[in-house]
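These notes are about the structure you will find just below.
Protein chains: 2
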Amino acid sequence: MSVEKKILVIPGDGIGQEVTTWGQKVLTAIARNYHHTFTFDEALMGHVAIEATGSPLPDETLEKARQSDAILFGAIGHAKYDNDPTLKVRPEQGLLKIRKELGLYANLRPIKLFDELLEASSIKPEILQGADILFFRELTGDVYFGEKKRSEDRNTASDLMIYHRYEVARIAHKAFAAAQGRRKKLCSVDKANVLESSRLWREVVLEIAKEYPDVETEHMFIDNAAMQLIKDPKRFDVVLTANLFGDILTDEASQIAGSMGMLASASVGDAIGFYEPIHGSAHDIAGKGIANPLASILSAALMLDISFGLKEESSRVIKAVEATLRQGYRTMDIANKHTPNDFFLSTDQMGTKVLENLS
Amino acid sequence: MSVEKKILVIPGDGIGQEVTTWGQKVLTAIARNYHHTFTFDEALMGHVAIEATGSPLPDETLEKARQSDAILFGAIGHAKYDNDPTLKVRPEQGLLKIRKELGLYANLRPIKLFDELLEASSIKPEILQGADILFFRELTGDVYFGEKKRSEDRNTASDLMIYHRYEVARIAHKAFAAAQGRRKKLCSVDKANVLESSRLWREVVLEIAKEYPDVETEHMFIDNAAMQLIKDPKRFDVVLTANLFGDILTDEASQIAGSMGMLASASVGDAIGFYEPIHGSAHDIAGKGIANPLASILSAALMLDISFGLKEESSRVIKAVEATLRQGYRTMDIANKHTPNDFFLSTDQMGTKVLENLS
Ligand SMILES: [Mg+2]
Ligand SMILES: [Mg+2]
């Protein structure tokens with residue numbers, strides 16, 4: 001069954017420009033091969049938007065985002081802001097604002113280990129091989145958004161770790177539904193032995209689990225999860241967790257994947273999905289044509305799966321990436337001393353290889 | 001210079017009984033070899049104390065603890081409590097109460113990797129080799145002890161993440177002082193980019209760092225720290241962090257050490273130090289004489305270093321453990337399929353080998 005989708009491309013800053021074009025080309029190739037109709041528009045966000053309009057998220061971009069079915073994003077940030085905290089208008093504000101405006105409450109991060117890159121991780125290949133985890137991190141609540149206080153004498157400081165039932169419920173439903181389409185295992189991570197907000201979290205997850213009897217649910221404390229993730233990553237399928245714990249676990253997990261240059265993420269809510277590589281704008285290598293386009297390509301694969309429900313098309317893209325790696329091709333960030341010169345590719349050469357493996 | 005010290009031994013429950021006797025024997029041997037005077041007393045805590053007196057921490061034990069210079073503790077817990085949440089008097093209460101009564105605000109956990117056990121970890125040996133980290137985890141504050149609330153409709157739950165300046169200052173001083181006696185590097189872990197309590201934490205650490213100009217101080221966000229700990233554990237010397245972040249990082253780090261059966265910890269405050277293996281009472285193997293006594297022996301080594309300032313004696317114990325491992329001796333938990341039958345030792349055989357290597 002062919003679908004019609006409107007995709008907004010926001011390349012953003014730094015290497016975002018160079019890599020996002022390959023995510024888009026892969027989507028175009030998939031549309032052609034599977035007879036779907038994807039129409040693309042493009043918009044500005046971040047430093048490039050500030051330079052052009054004065055705002056990191058111009059109204060026009062937000063308007064186009066609202067009209068789209070999904071957004072393919074690159075990266076945001078520029079060196080000039082890093083060492084000048086006095087600049088009030090900053091690229092990151094664009095990202096925070098678009099997440100808020102589009103109601104994106106769940107961050108999804110797949111940790112999929114490509115056999116060819118097993119050696120890149122600090123963890124032993126036999127521990128990693130076959131690991132395939134999908135994290136669901138809550139994005140709108142928790143200690144990041146609860147009330148912050150500092151006493152008048154400046155000697156006491158606090159942050160409120162707070163969750164509402166509906167916030168837990170809506171992301172739990174998404175995570176359970178995803179588990180049904182995978183290996184049917186869900187691990188909810190909390191600290192219910194000491195935290196009241198975690199006890200609410202667990203209460204809601206236990207309740208919702210009943211609606212998904214085919215999914216095997218497990219509850220794990222965050223400290224144990226941080227350990228199990230390294231000890232035996234293969235035991236995890238879908239991992240569901242709160243904002244702070246998810247922040248910690250997904251960064252830890254990105255290391256088990258070996259390279260940040262390979263990881264994609266999605267931020268979703270009730271309507272539009274927002275897809276992006278987890279690597280940043282990497283201004284040190286921007287414009288050199290050496291960035292790794294695979295995370296943008298895998299972001300496109302994630303969009304096909306999550307926003308459009310096109311599982312076959314999505315795994316077709318992942319297989320093309322796998323094939324390219326198996327052929328031995330590497331960009332700088334995933335190459336090592338055994339990579340022959342001829343297999344050391346630029347951004348565009350790498351993107352081209354994936355396209356070839358797609359057709 | 002010879003010292004006189006009073007040491008209280010609290011074997012507690014399960015394998016605590018079997019292993020703590022070896023920690024004590026090692027302390028006795030060190031006293032003899034270095035002409036110190038250690039006098040020992042013994043007391044009850046946990047399940048055994050409940051059975052004998054009705055209380056998990058009898059007044060007599062607390063009194064003896066207050067009279068001592070340091071405490072060597074085993075483990076706490078019994079199977080009968082695990083599946084019966086209705087039991088109101090529980091072994092763990094003894095541990096929580098003694099920590100509170102003795103004002104133990106800092107938990108120290110050394111992660112020292114023995115070359116002989118490098119293979120036991122899920123992390124590659126070349127990444128681990130040489131790693132030697134000392135964690136300082138704050139024990140009295142943070143989201144575990146801040147006010148907990150549940151709304152009347154049960155739909156909102158919160159925990160207050162809170163720190164007072166003096167709580168951060170006192171543990172920071174301990175951590176900086178420890179760094180001076182090590183590789184002179186301290187990494188303070190927080191989430192100061194989003195949390196007010198972390199901003200106070202960082203403010204205090206920055207201030208106190210000035211008093212230790214010979215220590216190189218670094219600040220790291222918790223999510224990045226969770227990643228760096230696996231990526232490059234060797235970069236860390238002393239790690240200083242809050243209660244929740246420390247809970248997570250020390251569990252993660254115990255996995256990089258390969259086996260919990262080898263790890264010791266200390267809880268210290270302004271006076272008495274409390275030393276214990278991080279493994280629990282392990283009732284499944286209690287009484288069988290197969291538990292690993294090395295964590296109790298390493299707890300004794302930690303006591304010599306931290307409470308008594310006997311660095312040479314402490315490293316003498318660690319070297320004896322190293323030598324024993326190098327000779328190929330293993331208890332069940334650290335043996336593998338390559339361990340010859342003759343080198344597969346009981347608790348008492350293993351303890352005896354360490355004593356031999358001490359003399
Ligand atoms: Mg993070
Ligand atoms: Mg823990």
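Going down the list, the protein sequences come from chains A and B. Note that full-length UniProt numbering numbers the first sequence so that position 256 is 256, with each residue one more than the last. Note that full-length UniProt numbering numbers the second sequence so that position 350 is 350, with each residue one more than the last. We put the beta carbon where it would ideally sit given N, CA and C, even for glycine.
Inset, instruction - Using a Cβ cut-off of 8 Å (strictly closer), state whether residue 231 of chain A contacts chain B. - result: On the first sequence, position 231 is the one that residue 231 of chain A refers to. Yes - at least one Cβ of chain B is within 8 Å of the one on residue 231 of chain A.
Inset, instruction - Determine the extent of the beta strand (DSSP E) in which residue 284 of chain B is found, giving its start and end residues. - result: Here residue 284 of chain B refers to the residue found at position 284 of the second sequence. Unbroken run through residue 284 of chain B: none, as it is neither H nor E.
Inset, instruction - Starting from the beta carbon of residue 164 of chain A, find every residue of chain B whose beta carbon is closer than 7 Å, and list them in chain order. - result: Stepping through the first sequence from its first residue, residue 164 of chain A is reached at position 164. Within chain B, the residues near residue 164 of chain A are 155, 156.
Legend entry - Enclosing alpha helix (DSSP H) for residue 107 of chain A [first to last residue]: Working through the first sequence from its first residue, we reach residue 107 of chain A at position 107. Segment 106-112 is the beta strand (DSSP E) holding residue 107 of chain A; no alpha helix (DSSP H) there.
Inset, instruction - Below 8 Å CB to CB, which residues in the same chain sit around residue 359 of chain A once its five sequence neighbours on both sides are set aside? - result: What you label residue 359 of chain A is simply residue 359 of the first sequence in a count that begins at 1. Answer for residue 359 of chain A: 29, 33, listed in chain order.
Legend entry - Boundaries (first-last residue) of the alpha helix (DSSP H) holding residue 28 of chain B: Translated into positions along the second sequence, residue 28 of chain B becomes position 28. First-last of the alpha helix (DSSP H) with residue 28 of chain B: 15-34.
Legend entry - Through-space distance from residue 335 of chain A to residue 320 of chain B, alpha-carbon basis: Position 320 of the second sequence, counting from 1, holds the residue named residue 320 of chain B. Position 335 of the first sequence, counting from 1, holds the residue named residue 335 of chain A. The straight-line gap from Cα to Cα measures roughly 43 Å.
Inset, instruction - Find out if the Cβ-Cβ distance for the pair residue 328 of chain A, residue 120 of chain A is shorter than 8 Å. - result: Here residue 328 of chain A is taken as the residue at index 328 of the first sequence, counted from 1. Here residue 120 of chain A is taken as the residue at index 120 of the first sequence, counted from 1. Cβ distance not < 8 Å, so residue 328 of chain A and residue 120 of chain A don't count as in contact.
Legend entry - Neighbour list for residue 224 of chain A in chain B, Cβ cutoff strictly below 8 Å: Stepping through the first sequence from its first residue, residue 224 of chain A is reached at position 224. From the beta-carbon of residue 224 of chain A, the residues of chain B found nearer than 8 Å are 251.
Inset, instruction - Can you have a look at residue 87 of chain A and say buried or exposed, based on whether 16 or more other CB atoms are within 10 angstroms of its CB? - result: For the purposes of this step, residue 87 of chain A is taken as the residue at position 87 of the first sequence. It counts as exposed.
Legend entry - Cross-strand partners of residue 277 of chain B (DSSP beta bridge): Here residue 277 of chain B is taken as the residue at index 277 of the second sequence, counted from 1. Residue pairing by DSSP puts residue 277 of chain B in a beta bridge opposite B/264.
Inset, instruction - Classify residue 293 of chain A as buried or exposed, calling it buried when 16 or more other Cβ atoms lie within 10 Å of its own Cβ. - result: For the purposes of this step, residue 293 of chain A is taken as the residue at position 293 of the first sequence. So residue 293 of chain A counts as buried.
Inset, instruction - Can you give me, in chain order, the residues of the stretch 136-151 of chain B that have a beta carbon less than 8 Å from any beta carbon in chain A? - result: 143, 144, 146, 148, 149, 150
Legend entry - Exposure of residue 286 of chain B, with buried meaning 16 or more beta-carbon neighbours within 10 Å: Within the second sequence, residue 286 of chain B is the residue found at index 286, counting from 1. Buried.
Inset, instruction - Identify whether residue 351 of chain B lies in helix, strand or coil by the three-state DSSP scheme. - result: Looking up residue 351 of chain B in the second sequence gives position 351. Under the three-state reduction of DSSP output, residue 351 of chain B falls in the helix class.
Inset, instruction - Within its chain, find whatever has a CB closer than 8 Å to the CB of residue 237 of chain A; leave out the 5 residues flanking it on each side and keep chain order. - result: Here residue 237 of chain A is taken as the residue at index 237 of the first sequence, counted from 1. Taking C-beta separations shorter than 8 Å and ignoring five residues to either side along the sequence, the partners of residue 237 of chain A in its chain run 132, 133, 134, 179, 182, 183, 184, 185, 186, 187, following chain order.
Legend entry - 8 Å Cβ shell around residue 392 of chain A - same chain, five flanking residues per side excluded: This structure cannot settle anything about residue 392 of chain A, because the visible part of chain A is limited to 1 through 359.
Legend entry - CB contact below 8 Å: residue 93 of chain B versus chain A: The residue labelled residue 93 of chain B in the question sits at position 93 within the second sequence. Residue 93 of chain B does not count as touching chain A.
Legend entry - Minimum C-alpha distance to residue 346 of chain A - residue among A/22, A/93, A/2: Position 346 of the first sequence, counted from the start, is the residue given in the question as residue 346 of chain A. Considering only alpha carbons, the answer is A/22.
Inset, instruction - Pull up the distance between the alpha-carbon of residue 25 of chain B and that of residue 41 of chain B, whole angstroms please. - result: Looking up residue 25 of chain B in the second sequence gives position 25. Looking up residue 41 of chain B in the second sequence gives position 41. Just so you know, the alpha carbons of residue 25 of chain B and residue 41 of chain B end up roughly 13 Å apart.
Legend entry - the stretch 95-113 of chain B in contact with the stretch 221-234 of chain A per 3-pair CB rule at 8 Å: no
Inset, instruction - Could you confirm whether any beta carbon from chain A is found closer than 8 Å to the beta carbon of residue 248 of chain B? - result: Counted from its first residue, the second sequence places residue 248 of chain B at position 248. Answer yes: the Cβ-Cβ gap between residue 248 of chain B and chain A drops below 8 Å somewhere.
Inset, instruction - Decide if residue 394 of chain A is buried, meaning its Cβ has at least 16 other Cβ atoms within 10 Å, or exposed. - result: The structure shown has nothing for residue 394 of chain A, since chain A only spans 1 to 359.
Inset, instruction - Please state if the CB of residue 105 of chain B and the CB of residue 62 of chain B are separated by a distance shorter than 8 Å. - result: What you label residue 62 of chain B is simply residue 62 of the second sequence in a count that begins at 1. What you label residue 105 of chain B is simply residue 105 of the second sequence in a count that begins at 1. At the C-beta level, residue 62 of chain B and residue 105 of chain B stay beyond 8 Å of one another.
Legend entry - Host alpha helix (DSSP H) of residue 311 of chain B (start-end): Within the second sequence, residue 311 of chain B is the residue found at index 311, counting from 1. Unbroken alpha helix (DSSP H) run through residue 311 of chain B: 311-326.
Inset, instruction - Return the CA-CA distance between residue 273 of chain B and residue 130 of chain B, expressed in angstroms with no decimal places. - result: As a first step, residue 273 of chain B is located in the second sequence; it is residue number 273 there, counting from the start. As a first step, residue 130 of chain B is located in the second sequence; it is residue number 130 there, counting from the start. For residue 273 of chain B and residue 130 of chain B, the distance between alpha carbons rounds to 27 Å.
Inset, instruction - Please name the residue, chosen from A/252, A/253, A/201, that lies closest to residue 162 of chain A on a Cα-to-Cα basis. - result: As a position in the first sequence, residue 162 of chain A is number 162, starting the count at 1. Selected option, being the one with the closest Cα: A/201.
Inset, instruction - Give a yes or no on whether the minimum CB-CB distance between residue 383 of chain B and chain A is below 8 Å. - result: Not covered by the structure: residue 383 of chain B. The range shown for chain B is 1 to 359.
Legend entry - Nearest-angstrom Cβ-Cβ length linking residue 240 of chain A and residue 171 of chain A, presumed shorter than 8 Å: Translated into the one-based positions of the first sequence, residue 240 of chain A becomes position 240. Translated into the one-based positions of the first sequence, residue 171 of chain A becomes position 171. Yes, residue 240 of chain A and residue 171 of chain A are in contact; Cβ-Cβ is about 7 Å, under 8 Å.
Legend entry - Cross-strand partners of residue 150 of chain A (DSSP beta bridge): Indexing the first sequence from 1 puts residue 150 of chain A at position 150. Its beta-bridge partners are A/157.
Inset, instruction - Could you tell me whether the Cβ atoms of residue 248 of chain A and residue 230 of chain B are closer together than 8 Å? - result: On the first sequence, position 248 is the one that residue 248 of chain A refers to. On the second sequence, position 230 is the one that residue 230 of chain B refers to. For residue 248 of chain A and residue 230 of chain B, no; Cβs fall outside 8 Å.
Legend entry - Contact list for residue 133 of chain B against chain A, beta-carbon separation under 8 Å: For the purposes of this step, residue 133 of chain B is identified with residue 133 of the second sequence, where counting begins at 1. Neighbours of residue 133 of chain B on chain A: none; closest Cβ ~15 Å, over 8 Å.
Inset, instruction - Compare the Cα-Cα distances from residue 136 of chain B to each of B/118, B/177, B/125 and report the closest residue. - result: Along the second sequence, read from residue 1 onward, the residue named residue 136 of chain B stands at position 136. Residue 136 of chain B has its Cα closest to that of B/177, out of B/118, B/177, B/125.
Inset, instruction - Write down the C-beta distance between residue 275 of chain B and residue 70 of chain B rounded to the nearest angstrom, noting that I regard them as a contact closer than 8 Å. - result: Position 275 of the second sequence, counting from 1, holds the residue named residue 275 of chain B. Position 70 of the second sequence, counting from 1, holds the residue named residue 70 of chain B. With a Cβ gap of about 7 Å, residue 275 of chain B and residue 70 of chain B count as contacting.
Inset, instruction - Taking only beta-carbon positions, decide if residue 160 of chain B is within less than 8 Å of chain A. - result: Here residue 160 of chain B is taken as the residue at index 160 of the second sequence, counted from 1. Closer than 8 Å to some Cβ of chain A, the Cβ of residue 160 of chain B qualifies, so yes.
Inset, instruction - Quick one: list the residues of chain A neighbouring residue 255 of chain B, beta-carbon separation under 7 Å, in chain order. - result: Position 255 of the second sequence, counted from the start, is the residue given in the question as residue 255 of chain B. The answer, in chain order, is 227, 230, 231.
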